[in-house]
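Heads up: the protein sequence lines correspond to chains A, B and C, in order. For the first sequence, the residue numbers in this note's numbering are 5 to 181. For the second sequence, the residue numbers in this note's numbering are 8 to 181. For the third sequence, the residue numbers in this note's numbering are 2 to 658. Where a beta carbon is used, it is the ideal one built from N, C-alpha and C, also for glycine. Since the structure comes first, as structure tokens, the remarks are kept for the end.
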Amino acid sequence: MKAKFLVPLFLFFVLIGFLAYGLGLNPREVPSPLVGKPAPQFQLAKLDAPDTYFGLEDMRGKVWLLNVWASWCVSCRQEHPVLVELQRSGLVPVVGLNYKDTLDAAKGWLRDYGNPYVVNVVDMDGRVGIDYGVYGTPETFLIDQDGIIRYKHIGPLNRDAVRNVLLPKIAELTRAG
Amino acid sequence: MPVDRFLTRRLRGVAQAALFAVMLAFVSPAAFAAGEATPVAPDLELESRVQSLSHTLRCLVCQNQTIADSNAPLAIDLRNQVREQLAAGRTESEVREYMVARYGEFVLYRPRLSATTVFLWFGPALLLVGGLAWLFLRLRRRQDEPVEHLSAAEHSQALALLKGDQSSPEEPRS
Amino acid sequence: MIAELGHLALILALVLSLVQATVPLVGANRNRLALMAVGRPAAQGQLLFIVFAYVCLTWTFITSDFSVALAASNSHTATPLIYKITGVWGNHEGSLVLWAMSLSLWTVAVTIFSRNLPEPFMARVLGVLGWISAGFLSFTLVTSNPFHRLIPAVAEGRDLNPLLQDPGMIIHPPLLYMGYVGFAVAFAFAIAALLTGRMDAAWARWSRPWTTIAWVFLTAGIAVGSGWAYYELGWGGWWFWDPVENASFMPWLLGTALMHSLAVTEKRGAFRSWTILLAISTFSMSLLGTFLVRSGVITSVHAFATDPTRGLYILALLVLVIGVSLVLFAWRAPKLSGGGTFSLASRESSLLANNVLLAVATGAVMLGTLYPLFLDALNLGKISVGPPYFEATFVPLMTPVVILMMVGPFVRWKNDDINRIMRRLSVSLIVSIALGLGAAVLIGHVTWRTVLGLSLAAWVLIASIKLLMGRMADRQGASAGARMRGIPASWWGMWLAHLGIGIFIIGVTMVESIDQHVDMKMRPGQTAQLAGYTFTFRSVEGVQGPNFDAARATIDVARGERHMTTLTPEKRLYHAQQMPMTEVSIHVRPLRDVYVSLGDRLEDGSWLVSLYYKPFISWIWVGCILMGLGGIFAAADRRYRKLAERRVAAGALQQTT
């Protein structure tokens, strides 16, 4: 058996290795380049008080979550109970970024399902969403005392993700601060 | 898959708008207006720059489409961003940088040359050089090989071919 | 009940495929004719059962039996009958049954048309095909049962994806699958050759028509698919370098190489191990494509709903089928040396060079398609590789292929004189470049790509004419018609297919260089101008289809004062999936298409209308048709049939002795 006739077999197994590994990966989940960088600035009207503005600076010194949601987003409905639980636990304040929604629909949603947010800001045209690299709702950013994005969760939060990923990170950041 | 749901939901929104439009068309034939229609983008030169840049940017919510080809709401938003920024005098590479800062390298359909993409960009050339080298060696060696004797069958077949006779005899083999 | 019968038939087909996979191989090893003879009836019975299962599945769609999950999620009572029937393969499970049915059809075709093969060889071919069939049937039954029942049944189905409710989709998947799966025959012949050690001119002659016909199907399938994308997606693109398109293009490229390599193996006995490797790789590419579409490792416009178990199962199949055949290759191929000698300047060399270039091009497409996966697996970040990359790498790689493609037929087998060829072709080459440059100036678009494309096209056309004239000159005296008839079909096949490439290049180059497009806001009565045409937006009316509502615009197209046509693009909303679709309207002429698609109605009452002028775009498909015709001519060559007749006679003789 000459070695050169083994080359195709060898290449094939390298390929198979990658393909097998690829099965466990999710090609749709794109990591954010913003993790580890300062969160983009914003000044947006509050949902319940359209005349008052709220911005990044208002949360300085706190470890907090920025949750991007909309009333038209089906998966947001799915993660909603998790957010409500999180709010009840009092472990971390959640700011809502109401993304490309209408005021009435958003308010109706909070009325119907409960309001887990310390404050909600309105991103009607989705510009702040673009600055945060939002490409699907819901998305959740973990931001530290200095306004640095520490983690991004894409898709609906679930209890496992909160317990095993978010809360340990929050505890660590709080200790460090 | 949350993103899928997001997409279908958004599509549904679009669909409802379309349905609305269809119904409107039923009830109110729009007023007749003569004259030239207006282009969506009056600045044609700018628009062609927007188009060619949009054709290299990936729509993240879509399965695999450029933001030029997709009508997903995010794609429309990003296309508008591209138009605004180019209109404001930014260069193509600045706009690209803007997108990468928010969505990562993933957004570029033409990956930038970097340590991780070296093999992507030079791979085909390497393959070509390798292939040609192999070809050359093989042809050289074959030329040097002593002439093999044809089997009787191959010989008669060759003769038949030379004569232009397509119905060459089939060699009797086990 | 019907669904259960179909399920049972599929299980029986699997049993028969296992019989076909084992008994004939054992028979061939022990030289027992009775065992070898089991292969044919097993293959034919298997086809019967798969067709039966397929008909059952179709029946559940036609009768809107929404207790069957597949029908419930891909059909609807209001779906037009033809789309109920085609809806069967518009999903993962149903398309797998179609896959298995194609393979079974090919297998039975082999049992019928290659009756003259030596019995042990045939037994091995059938055995290999049986293993592949067993793999796919078990995959279907274990992970993707198409007859799965919904309990309780739903009242109404979700309808077929509106994108697939289109005439192009009626024939695209069957053609594509016949192509993909057809390479299994060439693969089985290759494996049988490795098993028996028989790998000679006769072997190549047996596999050639099968390979060519599979290639014709694949060519047609890809062409129909790109035509579908052109008019169905609503923005006039025809090729997107999407991973799934690449998955069909890679076997096409390698299949092209295989056809040419087989030609050399048949005529000159050379390239034996290379031909075998190509036969294995071509089918491997088909399998890889199946994996990519169905496993979800890569995002694509066309990917099926996926789950990891399916991916794992196909991966295991890949390892078994390709892995085992490559081991066999490494073990047996070294013995396959030999073949006639040839010099650097010979047709063999030019064919081998083109083979290498085609393989490199395949490698480049594969690299681009899988590179994001490689990086992600190595945790080096996520990137996207899209059309700009493929255009940048593929065009330079294909340029020498096209040049060489027209040199090859002028070169003699075995040994030729470089100077003689140069003398014959150098003027043509220079004239081609001049023509390409001139044409680019004429259309007012002088970029290197346009000049390159048009020069290549001119080169193909000029060389084709020269080639035909040379061939006609061979037989002085006879009438032109007689001389043309005297040329064998396989030569015409080669000539047509190569000419088709030239026509194809003209289409691609022209449409990429000087197409025009504008998006307009239009109200009834308003006009717009594009490329010398005047578009008048007459009206919009509501139209009701069987399972959709539509707004249909009426747009008059005129050139100067002359009315050309009236186009009626639609914006449809399909009821069941609430999915909006654009239905474009196209005026096709040999030298250009005028293409109009209707967008949304704006708040001010005007409509978004996209107008396109696409010069020479239909040449892309005319080129593909010529390539396909070329393949048909090549496969229909007299010598294959003659051979078959002789074999039957010889077989009869053998049986009497």
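Rounded to whole angstroms, what's the CA-CA distance from residue i to residue j? Just pull it up for me.
{"i": "leucine 263 of chain C", "j": "lysine 522 of chain C", "result": "56 Å"}
{"i": "phenylalanine 145 of chain A", "j": "lysine 156 of chain A", "result": "5 Å"}
{"i": "isoleucine 618 of chain C", "j": "tyrosine 110 of chain B", "result": "35 Å"}
{"i": "phenylalanine 126 of chain B", "j": "tyrosine 372 of chain C", "result": "9 Å"}
{"i": "leucine 101 of chain A", "j": "alanine 554 of chain C", "result": "40 Å"}
{"i": "lysine 111 of chain A", "j": "aspartate 55 of chain A", "result": "16 Å"}
{"i": "tyrosine 736 of chain C", "j": "proline 118 of chain B", "result": "Nothing can be reported for residue 736 of chain C, as the shown portion of chain C is limited to 2 through 658."}
{"i": "glutamate 83 of chain A", "j": "asparagine 162 of chain A", "result": "6 Å"}
{"i": "leucine 473 of chain C", "j": "tryptophan 242 of chain C", "result": "Strictly speaking, residue 473 of chain C in this sequence is methionine, with leucine absent from that position. If I take the Cα positions, the gap works out to 41 Å."}
{"i": "phenylalanine 14 of chain A", "j": "leucine 135 of chain B", "result": "20 Å"}
{"i": "lysine 41 of chain A", "j": "leucine 29 of chain A", "result": "25 Å"}
{"i": "leucine 171 of chain A", "j": "alanine 165 of chain A", "result": "9 Å"}
{"i": "methionine 485 of chain C", "j": "alanine 479 of chain C", "result": "10 Å"}
{"i": "alanine 635 of chain C", "j": "glycine 91 of chain C", "result": "32 Å"}
{"i": "isoleucine 419 of chain C", "j": "phenylalanine 343 of chain C", "result": "13 Å"}
{"i": "leucine 48 of chain A", "j": "aspartate 127 of chain A", "result": "7 Å"}
{"i": "glycine 198 of chain C", "j": "alanine 334 of chain C", "result": "9 Å"}
{"i": "valine 154 of chain B", "j": "methionine 628 of chain C", "result": "In this predicted model, valine 154 of chain B has a pLDDT of only 48, less than 50, meaning its place in the structure is not dependable; the value taken from the coordinates is given anyway. Cα to Cα, valine 154 of chain B sits roughly 37 Å from methionine 628 of chain C."}
{"i": "serine 631 of chain C", "j": "leucine 497 of chain C", "result": "One point to set straight first is that residue 631 of chain C is glycine, not serine, in the sequence displayed. Between glycine 631 of chain C and leucine 497 of chain C, the C-alpha separation is close to 5 Å."}
With H, G and I counted as helix, E and B as strand and the rest as coil, what does DSSP make of residue i?
{"i": "glutamine 578 of chain C", "result": "coil"}
{"i": "lysine 572 of chain C", "result": "strand"}
{"i": "threonine 56 of chain A", "result": "coil"}
{"i": "tyrosine 139 of chain A", "result": "coil"}
{"i": "valine 29 of chain B", "result": "At valine 29 of chain B, the pLDDT of 49 sits below 50, so the modelled position is not reliable; the number obtained from the coordinates is stated separately. The answer is helix: DSSP assigns valine 29 of chain B an H, G or I state."}
{"i": "proline 616 of chain C", "result": "strand"}
{"i": "tryptophan 242 of chain C", "result": "coil"}
{"i": "histidine 261 of chain C", "result": "helix"}
{"i": "proline 25 of chain C", "result": "helix"}
{"i": "aspartate 417 of chain C", "result": "coil"}
{"i": "lysine 50 of chain A", "result": "strand"}
{"i": "aspartate 557 of chain C", "result": "strand"}
{"i": "histidine 93 of chain C", "result": "helix"}
{"i": "aspartate 164 of chain A", "result": "helix"}
{"i": "tyrosine 121 of chain A", "result": "coil"}
{"i": "glycine 631 of chain C", "result": "helix"}
{"i": "aspartate 127 of chain A", "result": "strand"}
{"i": "isoleucine 158 of chain A", "result": "strand"}
{"i": "glutamate 177 of chain B", "result": "Confidence at glutamate 177 of chain B is low in this model, with a pLDDT of 38, below 50, so its placement is unreliable and the value that follows should be read with caution. The answer is coil: DSSP assigns glutamate 177 of chain B none of H, G, I, E or B."}
{"i": "leucine 327 of chain C", "result": "helix"}
Check whether the Cβ atoms of residue i and residue j sit closer than 8 Å, and answer yes or no.
{"i": "leucine 130 of chain C", "j": "alanine 194 of chain C", "result": "no"}
{"i": "arginine 150 of chain C", "j": "alanine 4 of chain C", "result": "yes"}
{"i": "isoleucine 633 of chain C", "j": "valine 217 of chain C", "result": "yes"}
{"i": "leucine 352 of chain C", "j": "glycine 437 of chain C", "result": "no"}
{"i": "valine 585 of chain C", "j": "valine 597 of chain C", "result": "yes"}
{"i": "glutamate 143 of chain A", "j": "valine 78 of chain A", "result": "no"}
{"i": "valine 447 of chain C", "j": "alanine 441 of chain C", "result": "yes"}
{"i": "proline 712 of chain C", "j": "phenylalanine 184 of chain C", "result": "This structure cannot settle anything about residue 712 of chain C, because the visible part of chain C is limited to 2 through 658."}
{"i": "leucine 19 of chain C", "j": "alanine 187 of chain C", "result": "no"}
{"i": "glutamate 246 of chain C", "j": "tryptophan 240 of chain C", "result": "yes"}
{"i": "tyrosine 534 of chain C", "j": "valine 558 of chain C", "result": "yes"}
When DSSP builds the beta bridges, which residues end up paired with residue i?
{"i": "isoleucine 152 of chain A", "result": "A:Pro42"}
{"i": "aspartate 76 of chain B", "result": "Paired residue(s): none; aspartate 76 of chain B is not in a bridge."}
{"i": "lysine 522 of chain C", "result": "B:Thr45, C:Leu609"}
{"i": "glycine 543 of chain C", "result": "C:Ala552"}
{"i": "glutamate 584 of chain C", "result": "C:Glu571"}
{"i": "tryptophan 68 of chain A", "result": "A:Ile147"}
{"i": "glutamine 530 of chain C", "result": "C:Thr535"}
May I ask whether a heavy atom of the ligand COA can be found less than 7 Å away from the beta carbon of residue i?
{"i": "phenylalanine 617 of chain C", "result": "As far as ligands go, the structure on display features none, and thus does not contain the ligand COA."}
For this session: Can you check the stretch 74 to 110 of chain A for any beta strand (DSSP E) of at least 3 residues that lies completely inside it and give the ranges in chain order?
Result: With a minimum length of 3 residues, the continuous beta strand (DSSP E) runs that stay inside the stretch 74 to 110 of chain A are 98 to 103.
Exercise. Can you list, in chain order, the stretches of the alpha helix (DSSP H) that have 4 or more residues and sit fully within the stretch 429 to 499 of chain C?
Worked result: Listed in chain order, the alpha helix (DSSP H) runs fully inside the stretch 429 to 499 of chain C are 449 to 474, 481 to 487, counting runs of at least 4 residues.
Problem set entry | Ordered list of beta strand (DSSP E) runs contained in the stretch 14 to 62 of chain C, each at least 3 residues | For the beta strand (DSSP E) assignment, the stretch 14 to 62 of chain C encloses no uninterrupted run of at least 3 residues.
Exercise. At what residue ranges does the stretch 192 to 245 of chain C contain a whole run of the alpha helix (DSSP H), taking only runs of 4 or more?
Worked result: The stretch 192 to 245 of chain C contains these whole alpha helix (DSSP H) runs: 202 to 233.
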